[in-house]
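Undergrad: The sequence shown begins at 5 in our numbering and counts up by one.
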Amino acid sequence: MSFTCILMGVINEDKQQTDVSWVTSLVTRAHAEGLSSTEFGAVLKKRIITSGCNEQQCRAIASMLLRFATASVTPDQRMLSCLEALVKAEVLRWAVFIEVIAEFRQFSREYCIEALATILRNSVPLLKCNYTSEKECLELSGSLMTVLNWCLLALEYSLKNENKRSTQALIHCACAYANSKFVRALLYIHEHIGAESVNYVVEAAVSFAQSYPDCEELKTMIEALQQFGASPAERIEDNLGGLVKQVAHL
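#1: With a 10 Å radius around its C-beta and 16 neighbouring C-beta atoms as the bar for buried, classify Pro-129 as buried or exposed.
#2: Would you give the residue range spanned by the alpha helix (DSSP H) that Asn-153 belongs to?
#3: Would you kindly check if the distance between the Cβ of Leu-69 and the Cβ of Leu-48 is under 8 angstroms?
#4: First and last residue of the alpha helix (DSSP H) that includes Thr-54?
#5: Along the chain, where does the alpha helix (DSSP H) containing Ala-182 start, and where does it finish?
#6: Leaving aside the five residues before and after Lys-168 along the sequence, list all residues of the same chain whose C-beta is less than 6 angstroms from its C-beta, in chain order.
#7: If you measure between the beta carbons of Ser-162 and Ile-117, is that distance less than 8 angstroms?
#8: Would DSSP call Glu-207 helix, strand or coil?
#9: Give me the residue from Ser-40, Trp-98, Ser-145 with the minimum Cα distance to Ser-201.
#10: How many angstroms separate the CA atom of Ala-89 from the CA atom of Ser-41?
#11: Considering Lys-132, what are the terminal residues of the alpha helix (DSSP H) in which it resides?
#12: Mapping the DSSP letters down to three states, classify Leu-124 as helix, strand or coil.
#13: Tell me which same chain residues have a C-beta within less than 8 angstroms of the C-beta of Val-206, skipping the five on either side of it?
#14: Please name the residue, chosen from Glu-195, Met-149, Cys-219, Asn-183, that lies closest to Ala-106 on a Cα-to-Cα basis.
#15: Counting along the chain, where does the alpha helix (DSSP H) carrying Phe-101 start and finish?
#16: By the DSSP assignment, the alpha helix (DSSP H) with Glu-59 in it spans what residues?
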């Protein structure tokens, strides 16, 4: 199935062909003409002003940018910059941005994994959600579990295949998330509303360390991940968004 067909499945059925056409055209143009992230942003902004762009379409753009950026063994940094520009300009929400990156499962492409892990790590200080929207907070907390799952899957492959560059990048990425008070607050909430527990992430890291005792950085990662066991708040309040704001500033 082609990527265009996949896009057609998620875009509004009434304007399916038109919407897919402009999404494909925009990303293809960015790649073919060598548009910078600034130039790409200007073109997208013009499109949004004149015709609008819903979240499904923005996600389709992000997914297609990722596919272009990781189409070969060496990532296309310019296309990755265009992808980052979407979330930094608040065209795309952080939860969607993270979920899109986690779609990449070609773990054998070490340089692509390294680049994506670095992007995710550098994004940690920028993460935010609308404190007045419980839905947005919950979606972001779910995406944080997704990125930790992605790190574990990619790390397992990297360790088995002795891919040192991607192994190091993934460990640094996981540590950055574990060391963030904001991330820990969201994951604490995620677990205590009845969703999946982050404890298995720690258990998996311990298992990796036992299997690969020569990798000293795994020990550092375990220490960082063990912070997830500490409660960032004394209790869960009715107002989820308010709690996120409270614990994020402790």
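Even glycine gets a Cβ: it sits at the ideal position worked out from N, Cα and C.
TA: From the atom records:
#1: Numbered from its first residue, the sequence shown carries residue 129 at position 125. Per the 10 Å Cβ criterion, exposed.
#2: The residue given as residue 153 occupies position 149 in the sequence shown. Judged by DSSP secondary structure, Asn-153 falls within the alpha helix (DSSP H) whose first and last residues are 138-164.
#3: The count along the sequence shown starts at 1 and reaches residue 48 at position 44. The count along the sequence shown starts at 1 and reaches residue 69 at position 65. No, the pair does not count as a contact, with Cβ atoms beyond the cut-off.
#4: One-based indexing of the sequence shown puts residue 54 at position 50. For Thr-54, the enclosing alpha helix (DSSP H) covers residues 41-55.
#5: If you number the sequence shown from 1, residue 182 lands on position 178. Ala-182 -> alpha helix (DSSP H) spans 168-182.
#6: The residue you call residue 168 lines up with position 164 of the sequence shown. A distance below 6 angstroms between beta-carbons, with the five flanking residues on each side excluded, links Lys-168 to no residue of its chain.
#7: The residue labelled residue 162 in the question sits at position 158 within the sequence shown. The residue labelled residue 117 in the question sits at position 113 within the sequence shown. Less than 8 angstroms divides the Cβ of Ser-162 from the Cβ of Ile-117.
#8: Residue 207 sits at position 203 when you count from the first residue of the sequence shown. In this structure, Glu-207 counts as helix in the three-state DSSP scheme.
#9: Residue mapping note: residue 201 aligns to position 197 of the sequence shown, counting from 1. It is Ser-145 whose Cα lies nearest to the Cα of Ser-201.
#10: Here residue 89 corresponds to residue number 85 of the sequence shown, with the count starting at 1. Here residue 41 corresponds to residue number 37 of the sequence shown, with the count starting at 1. For Ala-89 and Ser-41, the distance between alpha carbons rounds to 6 angstroms.
#11: Mapped onto the sequence shown, residue 132 falls at position 128. Element bounds for Lys-132: n/a, residue is neither H nor E.
#12: Position 120 of the sequence shown, counted from the start, is the residue given in the question as residue 124. In the structure shown, Leu-124 sits in a helix (DSSP, three-state: H, G or I).
#13: Position 202 of the sequence shown, counted from the first residue, corresponds to residue 206. Closer than 8 angstroms at the Cβ level, and outside the excluded window around Val-206, lie Ile-226, Leu-229, Gln-230, Phe-232, Gly-233.
#14: On the sequence shown, position 102 is the one that residue 106 refers to. In this structure, Met-149 is the residue among Glu-195, Met-149, Cys-219, Asn-183 with its C-alpha nearest to the C-alpha of Ala-106.
#15: Counting from one through the sequence shown, the residue named residue 101 turns up at place 97. 98-105 is the extent of the alpha helix (DSSP H) around Phe-101.
#16: Your numbering for residue 59 matches position 55 in the sequence shown. Glu-59: member of the alpha helix (DSSP H) spanning 59-73, first to last residue.
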